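These notes are about the structure you will find just below.
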Amino acid sequence: MHYDRIVITEIQPVVDGGAFPAKSTVNEDIPLAATVFREGHDLIGVNAVLLDGAGEEADRIRLQESIPGTDRFVGTFRPEKAGHYSFVIEAWADLYATWEHAATLKIPAGVDVDLMLAEGLQLLTDAEQQGDRTFEHRAVLADAINTLNSAALPAADRLAAATTAQVKSAIVAHPLRDLISVSKRMPLNVERELAGRASWYEFFPRSEGAKQDEETGEWVSGTFRTAAKRLGAVADMGFDVIYLPPIHPIGEVNRKGPNNTLNPGPKDPGSPWAIGSRYGGHDAIHPDLGDFADFDEFVARANQLGLEVALDLALQAAPDHPWVKSNPEWFTTQLDGTIAYAENPPKKYQDIYPLNFDNDFEGLSREVLRIVELWIDHGVKIFRVDNPHTKPVMFWEWLIATVNDRHPDVIFLAEAFTRPPMMHALAKLGFQQSYSYFTWRNTREELEEYLAELRDESGAFLRPNFFVNTPDILTEYLQFSGPAGFKIRAVLAATSSPLWGVYAGYELYEHVPRPGAEEYIDNEKYQYRPRDFDAAEADGRSLAPYLRRLNAIRKEHPALGDLRNIRLHDADDESILVYSKRKDDDALIVVINLDPHATRDTIVHLDLEELFPGDTSLAGTPTEFEVHDLLTDQTWFWSEHNYVRLDPRSEPAHILQIRSRP
Numbered sequence: 002m003h004y005d006r007i008v009i010t011e012i013q014p015v016v017d018g019g020a021f022p023a024k025s026t027v028n029e030d031i032p033l034a035a036t037v038f039r040e041g042h043d044l045i046g047v048n049a050v051l052l053d054g055a056g057e058e059a060d061r062i063r064l065q066e067s068i069p070g071t072d073r074f075v076g077t078f079r080p081e082k083a084g085h086y087s088f089v090i091e092a093w094a095d096l097y098a099t100w101e102h103a104a105t106l107k108i109p110a111g112v113d114v115d116l117m118l119a120e121g122l123q124l125l126t127d128a129e130q131q132g133d134r135t136f137e138h139r140a141v142l143a144d145a146i147n148t149l150n151s152a153a154l155p156a157a158d159r160l161a162a163a164t165t166a167q168v169k170s171a172i173v174a175h176p177l178r179d180l181i182s183v184s185k186r187m188p189l190n191v192e193r194e195l196a197g198r199a200s201w202y203e204f205f206p207r208s209e210g211a212k213q214d215e216e217t218g219e220w221v222s223g224t225f226r227t228a229a230k231r232l233g234a235v236a237d238m239g240f241d242v243i244y245l246p247p248i249h250p251i252g253e254v255n256r257k258g259p260n261n262t263l264n265p266g267p268k269d270p271g272s273p274w275a276i277g278s279r280y281g282g283h284d285a286i287h288p289d290l291g292d293f294a295d296f297d298e299f300v301a302r303a304n305q306l307g308l309e310v311a312l313d314l315a316l317q318a319a320p321d322h323p324w325v326k327s328n329p330e331w332f333t334t335q336l337d338g339t340i341a342y343a344e345n346p347p348k349k350y351q352d353i354y355p356l357n358f359d360n361d362f363e364g365l366s367r368e369v370l371r372i373v374e375l376w377i378d379h380g381v382k383i384f385r386v387d388n389p390h391t392k393p394v395m396f397w398e399w400l401i402a403t404v405n406d407r408h409p410d411v412i413f414l415a416e417a418f419t420r421p422p423m424m425h426a427l428a429k430l431g432f433q434q435s436y437s438y439f440t441w442r443n444t445r446e447e448l449e450e451y452l453a454e455l456r457d458e459s460g461a462f463l464r465p466n467f468f469v470n471t472p473d474i475l476t477e478y479l480q481f482s483g484p485a486g487f488k489i490r491a492v493l494a495a496t497s498s499p500l501w502g503v504y505a506g507y508e509l510y511e512h513v514p515r516p517g518a519e520e521y522i523d524n525e526k527y528q529y530r531p532r533d534f535d536a537a538e539a540d541g542r543s544l545a546p547y548l549r550r551l552n553a554i555r556k557e558h559p560a561l562g563d564l565r566n567i568r569l570h571d572a573d574d575e576s577i578l579v580y581s582k583r584k585d586d587d588a589l590i591v592v593i594n595l596d597p598h599a600t601r602d603t604i605v606h607l608d609l610e611e612l613f614p615g616d617t618s619l620a621g622t623p624t625e626f627e628v629h630d631l632l633t634d635q636t637w638f639w640s641e642h643n644y645v646r647l648d649p650r651s652e653p654a655h656i657l658q659i660r661s662r663p
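Quick look at the structure:
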């Protein structure tokens, strides 16, 4: 590293020194920061300059020192278009600001009065003659020059004319700059809306419309055509993405039975993640679901309803997948000549062979790219990737870069519940979204720590998708918290992250686990599970109206569309979590009782400087402002300290819109 004439260091957002681009979404506020300083006492100015893919200037903002004397300058970009960008930090000696600072100290003290006035006259004359000034700014500067040049006037009057707000505004528009220093370019990717803001809903197409014969007990699978009938209800709840587990042929060799047993019946459907059989592999559709024409109709219907289809990309194979015969080198052969099963000791997955990229990296990579391209051709723009942490990260970096170069709108979600370094690496190399530890963060301390981490430590590269449940995960919290717990987790996910997801059955409060496991009994991974959603909602036994309201609030309030604008507040009760989000004039306060079993009374303590940034009128005076609860339609007047009572049996949370400033 080499310092320039003015020192520029500690730039943010930067990922691994610029080795990977920082992430952003269209219209997201990107926090910018840099430490900038020079020798001596002369003042400096700092800009951030956004450059498009061609290196042309797309935006320019002035950074301000966050706290005087810290040399830390901050600001915000808000890109309006997707694309590959970069940005630089630009610093300079601010000639006018340096003169103003010195003149306002010296002239009233009678020190170097004539010299200070002469220097000011020269600076304003230079500024007025700059070719890029507007007519209005030239007129303001000309008036100031005339007054400053009037020797008959008192020095104080001449100084005042040269330092008015109008003069400063004219100068700031086009500063007088010297010793310009520019940082190296830092990469920044701005991606489409659904890459960073979306509500996901997962269901198994085979369960939607599945029927059991009353006499024989045998099941008939649902199809894409029957599953399409459920799309209207999903869209009506306000979801943006309909995510499907694998839809490919399921292996018949070592097929798993209900609840992951090893003795399936002849009609048991098996796990969709055990991909491949005599009917084909990753480039085929399970014949029970229909054919490609049926799938295309399903995608088209989803799109008509405002939904995008996300497809599972699970890179593994059943023992009877066509690859096992055509390309045995893509698997790991053990000393006894058998192919290794997937394992997570002591667990063994006899219905799945993991892939081995080291035996034929190029061949296997080309095959995966072919498969992804095939599904893109059939309207899929979002892929939820199963267990990406079990594949080489260099493969994912190549695949995502190749696909996004050809199809910039394609989104990849990493389903990787694993160690932080691996999760971070996957996010940095290109995965637009990531599953997260949110599922297991339940206490206020855990949630505050995690939300701050996502904002401050990984916010530049990792977009967390807060799924409240999955077919694999039924947390202990949901098992024992009752309907209140389902509401609590939904509010948390929907308001703290711009990305969240629900697996079907959540709205029916499904909570019974398989004994000794953190997953559902009669798990849908291994059997059909049709549900009567309409009857449950008609009888008031469904959370669907609540989910509908949460998604409507998300769409109505831009503040919920950003990740890094979350600010934590305090409450006397350790079971009450409080945070706020602001974007422009849209400001929300979320207060949640995390205890699903008890009513909690407490005092909430708000940081008014976070709620009303830049408002200097708050200090030392009692402040009241109006808040409106978007869940209960009630209105109150709040201040810095507020009494709250939340009964989880009725409503465990407030989502408060600030309707008036103090």
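Quick note, my numbering runs 1 ahead of the 1-based positions in the sequence shown.
For every residue, glycine included, the Cβ atom is placed at its ideal position computed from N, Cα and C.
These figures come from a predicted structure and were not determined experimentally.
- prompt: Straight-line CA distance for residue 423 to residue 396?
  reply: Answer to the nearest angstrom: the Cα atoms are 14 Å apart.
message: Check whether the stretch 508-528 and the stretch 457-466 are in contact - that is, three or more C-beta pairs closer than 8 Å.
response: The answer is no - the stretch 457-466 does not touch the stretch 508-528, with fewer than three Cβ pairs under 8 Å.
task: Mind reading off the beta-carbon distance from residue 468 to residue 440? Whole number of angstroms is fine, and I expect it under 8 Å.
output: With a Cβ gap of about 7 Å, residue 468 and residue 440 count as contacting.
query: Just checking my contact of residue 48 with residue 61 at CB under 8 Å: how many whole Å lie between their CB atoms?
result: That belief holds up - the Cβ atoms of residue 48 and residue 61 are roughly 6 Å apart, short of 8 Å.
- prompt: In three-state DSSP terms, what is residue 390?
  reply: Note: residue 390 maps to helix in three-state DSSP.
query: Across which residues does DSSP place residue 52 in a beta bridge pair?
result: Answer is 58, 87.
- request: Determine the DSSP secondary structure at residue 201, reduced to helix, strand or coil.
  value: Secondary structure of residue 201 (DSSP, three-state): strand.
field: alpha helix (DSSP H) runs contained entirely in the stretch 439-510, provided each spans 4 or more residues
entry: The stretch 439-510 contains these whole alpha helix (DSSP H) runs: 445-457, 477-481, 483-497.
- prompt: With burial defined as no fewer than 16 other Cβ atoms inside 10 Å of the residue's Cβ, what is the status of residue 523: buried or exposed?
  reply: In the assembly as shown, residue 523 is an exposed residue. Its beta-carbon has fewer than 16 other beta-carbons within 10 Å.
field: Best match in 76, 69, 64, 58 for proximity to residue 665 [C-alpha to C-alpha]
entry: Residue 665 cannot be examined here, being either before or after the span of the chain that is shown, 2 to 663.
- prompt: On the premise that residue 591 lies in contact with residue 659, defined as a C-beta separation below 8 Å, what is that separation, rounded to the nearest angstrom?
  reply: The beta-carbon separation of residue 659 and residue 591, rounded to 12 Å, does not stay under the 8 Å limit for a contact.
task: Could you check the C-alpha separation between residue 252 and residue 214 for me, to the nearest Å?
output: For residue 252 and residue 214, the distance between alpha carbons rounds to 24 Å.
message: Spatial neighbours of residue 349 within its chain, please: C-beta separation below 8 Å, excluding the five flanking residues on both sides.
response: Residues of the same chain with a CB within less than 8 Å of the CB of residue 349, apart from the 5 flanking positions on each side, are 342, 343 in chain order.
- request: Give the secondary structure of residue 102 by DSSP, where H, G and I count as helix, E and B as strand, and everything else as coil.
  value: Three-state result, residue 102: helix.
- prompt: Pick from 354, 327, 319: whose alpha carbon is nearest that of residue 334?
  reply: The residue from 354, 327, 319 with its alpha-carbon nearest to that of residue 334 is 354.
Counted within 10 angstroms of its Cβ, other Cβ atoms place residue 502 as buried (16 or more) or exposed: Flag for residue 502 reads buried.
message: Comparing C-alpha positions only, which one of 73, 387, 263 sits nearest to residue 317?
response: Checked all of 73, 387, 263; the closest Cα to residue 317 is 387.
- prompt: Per DSSP, residue 281 is paired with what?
  reply: Residue pairing for residue 281: DSSP places it in a beta bridge opposite 278.
DSSP state of residue 661 mapped onto helix, strand, coil: In the structure shown, residue 661 sits in coil (DSSP, three-state: anything other than H, G, I, E or B).
Contact set for residue 625: own chain, Cβ-Cβ below 8 Å, skip 5 residues either direction: Excluding its 5 nearest sequence neighbours in each direction, residue 625 has C-beta neighbours in its own chain below 8 Å: 638, 639, 640, 663, listed in chain order.
message: Taking the alpha helix (DSSP H) that residue 371 belongs to, which residues open and close that run?
response: That run of the alpha helix (DSSP H) goes 362-378.
field: Three-state secondary structure assigned by DSSP to residue 647
entry: Of the three classes helix, strand and coil, the one that applies to residue 647 here is strand, per DSSP.
task: Pull up the DSSP beta-bridge partners for residue 212, would you.
output: Here residue 212 is bridged, per DSSP, to 221.
query: So what's residue 295 in DSSP terms, helix, strand or just coil?
result: DSSP places residue 295 within a helical segment (H, G or I) once states are collapsed to three.
- request: Quick one: using the 10 Å Cβ neighbour count with 16 as the cut-off for buried, is residue 293 buried or exposed?
  value: If you draw a 10 Å sphere on the C-beta of residue 293, you find fewer than 16 other C-beta atoms in it, and that means exposed.
- prompt: Is residue 257 closer than 9 Å to residue 527 when the C-beta atoms are compared?
  reply: Yes, the pair counts as a contact, with Cβ atoms nearer than the cut-off.
- request: Name the one or two DSSP bridge partners that residue 720 has.
  value: Past the boundaries of the shown model lies residue 720; the chain is included only from 2 to 663, so the question cannot be answered.
- prompt: Would the stretch 229-236 and the stretch 305-315 be scored as touching if the rule is three or more Cβ pairs under 8 Å?
  reply: At 8 Å Cβ cutoff, the stretches touch.
- prompt: Rounded C-beta distance between residue 570 and residue 581? I'm assuming under 8 Å.
  reply: Here residue 570 really is in contact with residue 581; their C-beta atoms are around 6 Å apart, less than 8 Å.
field: Alpha-carbon spacing of residue 613 relative to residue 204, whole angstroms
entry: In this structure, the alpha-carbon of residue 613 lies about 42 Å from that of residue 204.
- prompt: Where residue 102 and residue 45 are concerned, what is the direct C-alpha to C-alpha distance, given to the nearest angstrom?
  reply: Rounded to the nearest angstrom, the two C-alpha atoms are 12 Å apart.
In chain order, each alpha helix (DSSP H) run of at least 4 residues that lies wholly inside the stretch 89-172: Qualifying alpha helix (DSSP H) stretches, in chain order: 96-110, 114-129, 136-149, 156-163.
query: Considering only the beta carbon of each residue, do residue 191 and residue 84 sit closer than 9 Å?
result: Going by C-beta atoms, residue 191 is nearer than 9 Å to residue 84.
query: Can you find at least 3 beta carbon pairs, one from the stretch 549-566 and one from the stretch 534-541, that sit closer than 8 Å?
result: Taking a contact to require three or more Cβ pairs closer than 8 Å, the stretch 549-566 and the stretch 534-541 do not qualify as touching.
The stretch 162-173 / the stretch 117-137 touching (three or more Cβ pairs under 8 Å): These segments touch.
query: DSSP on residue 588, reduced to helix/strand/coil?
result: The answer is strand: DSSP assigns residue 588 an E or B state.
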